[in-house]
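Undergrad:
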Ligand SMILES: *[C@@H]1O[C@H](CO)[C@@H](O)[C@H](O)[C@H]1NC(C)=O
Ligand SMILES: *[C@@H]1O[C@H](CO)[C@@H](O)[C@H](O)[C@H]1NC(C)=O
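In mature numbering (1 follows the signal peptide of the UniProt record, and there is no 0), the protein residues as written are -24 to -1, 1 to 345.
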């Protein structure tokens, strides 16, 4: 009877369900990943958008695809991939929009992140299409019902609350591709001062995190905005020197990050049974950018893949752009995104690092709660 493929599938399916749900052995069950291109694992492949990474040489070092592009905006693994792998999640979370993201694979979690996406609906409009946070959470609401179907309501709830980590990596595009977008403003800079804009980011993010809580998310990790004034794109268009960063984007990031810290403290108080961990991406990336040699990199100003200006920072990475020889010598893969080598340094500190970089607890401790 096992000769029929569908029977075999059913058996495998049943086993993997049992395995994942019954493990109390300190392995992570699932990652539900929300955010932007830093963690997009291919959702934008399915959207008509200008923000795409399913072109060579993106993914050239991604082992699971044999070096083919997957839609990840880097040469290898994202921080989301690395964290899942290190914490014992059986497989990568697939992109929600992938036709393969159905049935028992959602027990590994699901990735909703989208290049160009932000907290605000208007963010990333310049790319024509992207999934913003409100839509990503609408999609999680669909997954939520599928989990009830797979596991039954009680087990699904338990799986989400205890065996799953919810990561949110968002905010950079709300500045880069909204507030700071010059002229003809589809951005909001003309009409708002930074305090007002950041207020509204925090208000919307509070609503979004609360919705996830209502859908049974309990273990959260929320990244702050990195030093977006130090990316090769910003350094190139502002014609900076090797060891300078653009002031305004970094200032805005720091101002938002202060408010985010307060928001997460508030939610830790108010949302019973939930833990919100702050991932201090700003200080982590700034440390790697500043002390790159200490981590074994040769440059933190030039993009490995890209063209234009002093830092290869204008034309995005694609088949016609130039690519560096030694990819692990570069902190930045392309004009906007860290290389896999940099992602590995950052992810390790989030998993096992101290309170300076991840607080109030690190991701291994969050998993083991
Ligand atoms: C996005 O648009 C919807 C529908 O208009 C609205 O309800 C929601 O508040 C908006 N969210 C943000 C973050 O702007
Ligand atoms: C999830 O979807 C249902 C409709 O299927 C809706 O009633 C509910 O408000 C949604 N929950 C959240 C938190 O968005």
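Virtual Cβ for every residue (Gly too), placed ideally from N, Cα, C. Nothing here was measured: the structure is a model prediction, and the numbers come from that model.
What does DSSP give as the partner residue(s) for residue 222 in the beta ladder?
TA: The residue labelled residue 222 in the question sits at position 246 within the chain shown. Answer by DSSP bridge pairing: none, since residue 222 is not bridged.
Undergrad: Examine the Cβ distances between the segment 312 to 329 and the segment 43 to 58 and report whether three or more of them are shorter than 8 Å.
TA: The segment 312 to 329, when compared against the segment 43 to 58, does touch it at the 8 Å Cβ threshold.
Undergrad: Name all residues in chain order for which at least one heavy atom of ligand 3 lies closer than 6 Å to the residue's CB.
TA: You won't find ligand 3 in this model; what it holds is ligand 1 and ligand 2.
Undergrad: Does the distance from the C-beta atom of residue 89 to that of residue 199 stay below 7 Å?
TA: The sequence position of residue 89 within the chain shown is 113, counting from 1. The sequence position of residue 199 within the chain shown is 223, counting from 1. No, the pair does not count as a contact, with Cβ atoms beyond the cut-off.
Undergrad: CB of residue 97 to nearest heavy atom of ligand 1: below 6 Å?
TA: Within the chain shown, residue 97 is the residue found at index 121, counting from 1. Within the cutoff, so yes.
Undergrad: Starting from the Cα of residue 261, find the closest Cα among 175, 64 and 202 and give me that residue.
TA: In the chain shown, the residue the question calls residue 261 occupies position 285. Residue 202 is the option with its Cα nearest to residue 261.
Undergrad: Measuring alpha carbon to alpha carbon, tell me which residue in 294, 248, 197 and 96 is nearest residue 31.
TA: Here residue 31 corresponds to residue number 55 of the chain shown, with the count starting at 1. That would be 294, whose Cα lies nearest to the Cα of residue 31.
Undergrad: Specify whether the segment 32 to 51 and the segment 304 to 314 touch according to this definition: at least 3 beta carbon pairs, one from each stretch, less than 8 Å apart.
TA: Short answer: they touch.
Undergrad: Tell me whether residue 147 sits in a helix, a strand or coil according to DSSP, three-state version.
TA: Numbered from its first residue, the chain shown carries residue 147 at position 171. In the structure shown, residue 147 sits in coil (DSSP, three-state: anything other than H, G, I, E or B).
Undergrad: Can you tell which of 287, 291 and 300 has its C-alpha closest to the C-alpha of residue 280?
TA: Position 304 of the chain shown, counting from 1, holds the residue named residue 280. Ranking the options by Cα distance to residue 280, first place goes to 300.
Undergrad: Please classify residue 218: is it buried, with 16 or more other beta-carbons within 10 angstroms of its beta-carbon, or exposed?
TA: Stepping through the chain shown from its first residue, residue 218 is reached at position 242. Per the 10 Å Cβ criterion, exposed.
Undergrad: Residue range of the beta strand (DSSP E) that residue 26 falls in?
TA: As a working note, residue 26 is residue 50 in the chain shown. Unbroken run through residue 26: none, as it is neither H nor E.
Undergrad: Mind checking whether residue 64 and residue 127 have CB atoms under 7 Å apart?
TA: What you label residue 64 is simply residue 88 of the chain shown in a count that begins at 1. What you label residue 127 is simply residue 151 of the chain shown in a count that begins at 1. Not in contact: residue 64 and residue 127 (Cβ atoms no closer than 7 Å).
Undergrad: For the beta strand (DSSP E) containing residue 9, list its first residue and its last residue.
TA: Within the chain shown, numbered from 1, the residue matching residue 9 stands at position 33. Note, residue 9: beta strand (DSSP E), 6 to 11.
Undergrad: Would you grab the beta carbon distance between residue 142 and residue 196 for me? Rounded to a whole angstrom, and I think it's under 8 Å.
TA: Here residue 142 corresponds to residue number 166 of the chain shown, with the count starting at 1. Here residue 196 corresponds to residue number 220 of the chain shown, with the count starting at 1. Their Cβ separation, rounded to whole angstroms, is 5 Å, which keeps residue 142 and residue 196 in contact under 8 Å.
Undergrad: Tell me whether residue 39 is buried or exposed, calling it buried when 16 or more other Cβ atoms sit within 10 Å of its Cβ.
TA: For this step, residue 39 is matched to residue 63 along the chain shown. By the 10 Å Cβ count, residue 39 comes out exposed.
Undergrad: If we call anything under 7 Å between Cβ atoms a contact, is residue 35 one with residue 46?
TA: Position 59 of the chain shown, counted from the start, is the residue given in the question as residue 35. Position 70 of the chain shown, counted from the start, is the residue given in the question as residue 46. A contact, by the Cβ cut-off of 7 Å.
Undergrad: Say the cut is 6 Å; is the CB of residue 12 nearer than that to a heavy atom of ligand 1?
TA: By 1-based counting over the chain shown, the position of residue 12 is 36. Residue 12 Cβ: outside cutoff for every heavy atom of ligand 1.
Undergrad: For residue 44 and residue 172, I'd like the C-alpha separation in whole angstroms.
TA: On the chain shown, residue 44 is found 68 positions in, with the first residue counted as 1. On the chain shown, residue 172 is found 196 positions in, with the first residue counted as 1. Rounded to the nearest angstrom, the two C-alpha atoms are 43 Å apart.
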